[in-house]
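>
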Amino acid sequence: MDLSVINPLVLLASIMVASTPILLAAIGEMVVEKAGVLNLGVEGMMITGAVCGFVIAVQTSSPLLGFVAAAFGGAFLALLFGVLTQYLLSNQVATGLALTLFGLGLSSLIGQGYIGIKAPVTNDVFIPILADIPILGRILFQHDLMVYFSIGLVAAVWAVLKYSRVGLILRAVGENHDAAHALGYKVIRIRIFAIMFGGACAGLGGAYLSLVRVPQWTEGMTAGAGWIALAIVVFASWRPWRVLLGAYLFGGVTVLQLNLQAAGLALPVEYLSMSPYLITILVLVIMSAGRRRGALGAPAALGRIFHASN
Amino acid sequence: MLKLEKRPAPSRMWMALAPLLAVALTMITAGILFSFLGTNPFVAIRTIFWDPLFGEFAFYYRGQLLIKAGPLILIAIGLALGFRAGIWNIGAEGQYIVGAICGAAVGLAFYPSESVLIFPMMVLFGALGGWIWAMIPAILKTRFGTNEILVSLMLVYVAEAMLASASSGWLRNPDGQGFPGSRNFRDYAAGYNNFLVESAGIHWGVVAAFIAVIFAYILLTRHLLGFQIRLTGESPRAAKFGGVNPSILIVVCLGVSGALAGLAGLFEVSGPAGQISIDFNSGYGFTAIIVAFLGRLHPIGILMAGLLMALTYIGGEAAQGTLGLPAAAIQLLQGMLLFFLLAVDVFTNFRIRLGRMETA
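Sequence lines, in order, name chains A and B. Just so we're aligned, residue 1 is where the first sequence starts under the working numbering, counting upward by one. Just so we're aligned, residue 1 is where the second sequence starts under the working numbering, counting upward by one.
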């Protein structure tokens, strides 16, 4: 193995790029779960976003329009989930699984003619002054806009949940939907909006994969990123900044194992590519060991069906 | 104003009717989709759902039906036990792969033995492999309270990596000129899962699936464990007061479903697939989730749902060949089926009332 192949600067710089898709999907799902809904369809919404974004970006040769389309695609799929679970009161676990299976099929159908095409380039933004700082500038301030958007989104979600009335209502709905209903809040409507927000975020995350990270369309390209995003929400105990931490941690692991593969570590490639999944499991175990559900910070009404019986 | 009113008990009529309605709605929606893709919807639906059974080449397709339905039913039966109790094993695909690798590895280790014990041993190790893979989420759940949905799913990706390493590395055919893939079981009679009735597509895996249906039926309707599973699913609190030990239930449900998925994998790899290769698994572990729900988590229902889902696979392949319908369209159709089923299910638990909202 030749460790000198790995350039620590490039490695650190690529962590931000590798983490962004999971970060976007995870912060969206966190909001959904804060509203008391467990949407297991993140993987399906991500891959739909990936294909929608890619197709539109190729057609219009504008990555920005691609990202917008991805957000709409993800939100539309999420709306299906919302209608099923909120109005038709279906089981959230089963519906989430259905969404993933449906999204995988839908995306490969849409993406058929787009395999092997290259996506239009998303330009990196050099933040003036900051980008010129010797080492940090290269690591932190020379990325594309979506990287900064995702961090801004985390800050926005944190601020809204913590300081605004909307955030308070959202959390109330997630903690005790009956009480929120009794206070006159439209539980179902609020949840539908949260679900669609989560879908849009997952779509953006998927599009980041197909437009920036890879940048190509291949079937099933999310390869479990949506499920890792779900795990990160648990890891983060439903706190926005911890979601950021978790996503960057996993991004780091992914980048490191890819670099080790390139450096020719004496371990077969397959075992290295297992590592993000194994580490996810390990983290889940550590987080849940010796603690009860409540102590973890899970919203009390998470996954429960709301039906106003008046 | 439409209003939902909870039924005191789930409607039995709607429970039986919902899957049929879901199939009909799927056919209509799929037809519209196909016509957008430039295919005559009536021809497409007939090619997928009718011709494989009653068409000109039905004698060929009918045999395929059980080959495809066997693993789906076998896996779905196991999954349904867990789903009924609210234990969500969605990593059957991983258990299926690991079962196949374990069983095949044991068989290939004795190549070129001609002992009659080889195949039974492979079956045993196939079940064991799937069981061990399912025990990981089970033990993590009972010991640490880790979410079994996420763990079992993560293990699918780990299993896929193992499969890649097995087919191009330690299980690769030494006489294969360096091509990936293990020895083919067709050339290894002692380990080959041969057809018992070739024209009907019956091999040991199909037999195992039928046995699993019968056992699951007896378990759920006549056995204490089956009662505990149903009780836990319908009312976890009541189950707790009734002295049901949730840990045992988790270990049993995940264990049984893992072992059955492992068996399905072994029968597939040593029979229809023939060898360990990077893509021998055709996503049966995930499709089986649809089969379990479509069959209402009931053994007999699963038997029928498995046959229907196998039909969409076969009809889908036929439609790919004759009509040029993309493979993804069938995958979409299968996903749609589950969606519609979950939507229609509202009628099972709720009554729809027309009228104004009353204030209490």
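Quick reminder that beta carbons are idealized off the backbone N, C-alpha and C, glycines included.
Considering Cα atoms alone, identify which of A:46, A:216, A:120 and A:14 is closest to residue 72 of chain A.
Answer by Cα proximity: A:46.
> Below 8 Å on C-beta distance, what does residue 88 of chain B contact in chain A?
Those within 8 Å of residue 88 of chain B in chain A are 93.
> Can you tell me where the beta strand (DSSP E) with residue 46 of chain B in it begins and where it stops?
Taken as a continuous stretch (DSSP letters only), residue 46 of chain B belongs to no beta strand (DSSP E), as it is neither H nor E.
> Between the segment 205 to 226 of chain A and chain B, which residues of the former have a C-beta closer than 9 Å to a C-beta of the latter?
Taking 9 Å as the Cβ-Cβ cut-off against chain B, the residues of the segment 205 to 226 of chain A that qualify are 219, 223 and 224.
> Classify residue 194 of chain B: buried if its beta carbon has 16 or more other beta carbons within 10 angstroms, exposed otherwise.
Exposed.
> Which same chain residues, not among the five before or five after residue 310 of chain B, have their C-beta less than 7 Å away from its C-beta?
Counting only Cβ-Cβ distances below 7 Å, and skipping sequence neighbours, we find 65, 68, 69 and 72.
> What does DSSP give as the partner residue(s) for residue 12 of chain B in the beta ladder?
DSSP, once it has assigned bridges, lists no residue as partnering residue 12 of chain B.
> Go through the segment 238 to 304 of chain A residue by residue and report every complete run of the alpha helix (DSSP H) that reaches 4 residues or more, in order.
The segment 238 to 304 of chain A contains these whole alpha helix (DSSP H) runs: 240 to 263, 269 to 288 and 293 to 296.
> Mind checking residue 312 of chain A: buried by the 16 CB within 10 Å criterion, or exposed?
Outside the modelled stretch of chain A, which goes from 1 to 310, sits residue 312 of chain A, for which no answer is possible.
> Among A:256, A:222, A:286 and A:248, which one has its Cα closest to the Cα of residue 49 of chain A?
Considering only alpha carbons, the answer is A:222.
> Would you list, in chain order, the members of the segment 284 to 303 of chain B that have their beta-carbon closer than 9 Å to a beta-carbon of chain A?
Hits within the stretch, in order: 286, 287, 289, 290 and 293.
> Listing by chain order, which chain A residues have their CB less than 7 Å from the CB of residue 146 of chain B?
Near residue 146 of chain B (Cβ distances below 7 Å), the residues of chain A are 284, 285 and 288.
> Against chain B, with Cβ distances strictly below 8 Å, would residue 265 of chain A count as a contact?
With 8 Å as the cut-off, residue 265 of chain A does not count as an interface residue toward chain B.
> Here's the rule: buried if 16 or more other CB atoms are within 10 angstroms of the residue's CB, otherwise exposed. What is residue 35 of chain B?
Residue 35 of chain B is exposed by the Cβ-count criterion.
> Could one say the Cβ of residue 326 of chain B lies closer than 8 Å to chain A's Cβ atoms, at least one of them?
So, interface residue.
> Measuring CA to CA, which of B:266, B:77 and B:172 is closest to residue 123 of chain B?
That would be B:266, whose Cα lies nearest to the Cα of residue 123 of chain B.
> Three-state secondary structure (DSSP) at residue 360 of chain B?
At residue 360 of chain B, the pLDDT of 45 sits below 50, so the modelled position is not reliable and the matter cannot be decided from this model.
> Please report the Cβ distance between residue 78 of chain B and residue 101 of chain B, rounded to the nearest whole angstrom; I am assuming they are in contact, meaning their Cβ atoms lie under 8 Å.
Between residue 101 of chain B and residue 78 of chain B the Cβ distance is about 18 Å, and since that is not below 8 Å, they are no contact.
> Residues of chain A with a CB under 7 Å from the CB of residue 151 of chain B: which are they?
281 and 284, listed in chain order.
> Are there three or more Cβ pairs, one per stretch, closer than 8 Å when the segment 319 to 337 of chain B is compared with the segment 84 to 99 of chain B?
No, the segment 319 to 337 of chain B does not touch the segment 84 to 99 of chain B.
> Say whether chain B places a C-beta atom closer than 8 Å to the C-beta of residue 294 of chain A.
Below a pLDDT of 50, predicted positions are generally treated as unreliable, and residue 294 of chain A, at 48, falls in that range; the measurement from the model is reported next regardless. With 8 Å as the cut-off, residue 294 of chain A does not count as an interface residue toward chain B.
> Give a yes or no on whether the minimum CB-CB distance between residue 18 of chain A and chain B is below 8 Å.
Judged by the 8 Å Cβ criterion, residue 18 of chain A is not in contact with chain B.
> So which residues of chain A does residue 257 of chain B contact, with C-beta pairs closer than 7 Å?
Correct list: empty, because the minimum Cβ distance to chain A is about 15 Å.
> Does any residue of chain B have a CB that is nearer than 8 Å to the CB of residue 21 of chain A?
No, residue 21 of chain A lies away from the interface with chain B (no Cβ there is under 8 Å from its Cβ).
> Give the single residue among B:258, B:187 and B:173 whose Cα lies nearest to the Cα of residue 181 of chain B.
Selected option, being the one with the closest Cα: B:173.
> By DSSP's criteria, residue 203 of chain B is part of a beta bridge. Which residues make up the other side?
DSSP lists B:195 as partners of residue 203 of chain B.
> Please classify residue 20 of chain A: is it buried, with 16 or more other beta-carbons within 10 angstroms of its beta-carbon, or exposed?
Residue 20 of chain A should be labelled buried.
> Who pairs with residue 350 of chain B in a beta bridge, going by DSSP?
The partner list for residue 350 of chain B (beta bridge, DSSP) reads B:6.
> What residues in the segment 176 to 200 of chain A bring their beta carbon closer than 8 Å to a beta carbon of chain B?
Correct list: empty, as no residue qualifies.
> Indicate whether at least one CB of chain A lies closer than 8 Å to the CB of residue 334 of chain B.
Output row for residue 334 of chain B: interface = yes.
> Could you pull the start and end residues of the alpha helix (DSSP H) that residue 292 of chain B belongs to?
Segment 284 to 294, the alpha helix (DSSP H) holding residue 292 of chain B.
> Terminal residues of the continuous alpha helix (DSSP H) containing residue 68 of chain B?
First-last of the alpha helix (DSSP H) with residue 68 of chain B: 58 to 84.
> For residue 235 of chain B, count neighbouring Cβ atoms within 10 angstroms of its own Cβ and tell me buried if that reaches 16, exposed if not.
That one is exposed.
> Indicate whether at least one CB of chain A lies closer than 8 Å to the CB of residue 279 of chain B.
False, the Cβ-Cβ gap to chain A never drops below 8 Å.
> Can you tell me the Cα-Cα spacing of residue 271 of chain A and residue 299 of chain A, whole angstroms?
Going by the C-alpha atoms only, they are around 36 Å apart.
> Using DSSP's beta-bridge definition, name the partner residues of residue 187 of chain B.
The partner list for residue 187 of chain B (beta bridge, DSSP) is empty, contrary to what the question assumes.
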